[in-house]
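Each residue of the sequence shown is one higher than the one before, counting from 0 in numbering that gives the first Met the number 0.
Let me begin by presenting the structure, written as structure tokens, before commenting on it.
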Amino acid sequence: MDQGSHQQPALRVYLRVWIWLFVLSVLSYLVDLSGLEGLLKWGLITLFMLLKAGLIVAFFMHMAWERLSIVYTVLVPPAVLLFLAALMALEADYTLSSRLGIFAS
């Protein structure tokens, strides 16, 4: 087996990713402690969570160095599921608002 065919990224790349993961975790914790409430708080926490998940997938699961077909195979199905969940949330909001509008009059 040829050892030179598998190229690994430099150690400093992993250290930078660890530092970014730490920074994003600290920011998420600070948002939780800051006293923000409601959609802003959960939106920021979710944003930091998705950024951390993206870093983990890209670097520690080596998706940044894989072929595009493998990346599509791994990332497209969850993206489609998120899109469909967003559509269901919009439909649920519409249904709730129409029901509340009917009962209010």
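Backbone N, C-alpha and C fix where the C-beta goes; we use that ideal spot for every residue, glycine too.
Note to self: Count Cβ pairs between the region 19-28 and the region 36-49 that sit closer than 8 Å; are there 3 or more?
What the structure shows: yes
Next item on the list: Could you check the C-alpha separation between V79 and F21 for me, to the nearest Å?
Entry: 29 Å
Next item on the list: Output the distance between the C-alpha atoms of A85 and P76, rounded to the nearest integer angstrom.
Entry: 14 Å
Check: Do V12 and L54 have their CB atoms nearer than 8 Å?
Finding: no
Next item on the list: Just mark F58 as buried or exposed, buried being the case when its beta carbon has 16 or more other beta carbons within 10 Å.
Entry: buried
Checklist line | Cα-Cα separation, L32 to L49 | finding: 19 Å
Notebook entry, point to check: Going by beta carbon distance, what residues of the same chain come within less than 6 Å of M125, once the five residues before and after it are set aside?
Noted result: It is not possible to answer for residue 125, since the shown part of the chain is limited to 0 through 104.
Notebook entry, point to check: So the alpha helix (DSSP H) I18 belongs to, where does it begin and stop?
Noted result: 10-32
Checklist line | Beta-carbon proximity list for L35, same chain, < 8 Å, skipping 5 on both sides | finding: L43
Notebook entry, point to check: By a C-beta neighbour count over all protein chains shown, 10 Å radius and 16 as the cutoff for buried, is F47 buried or exposed?
Noted result: buried
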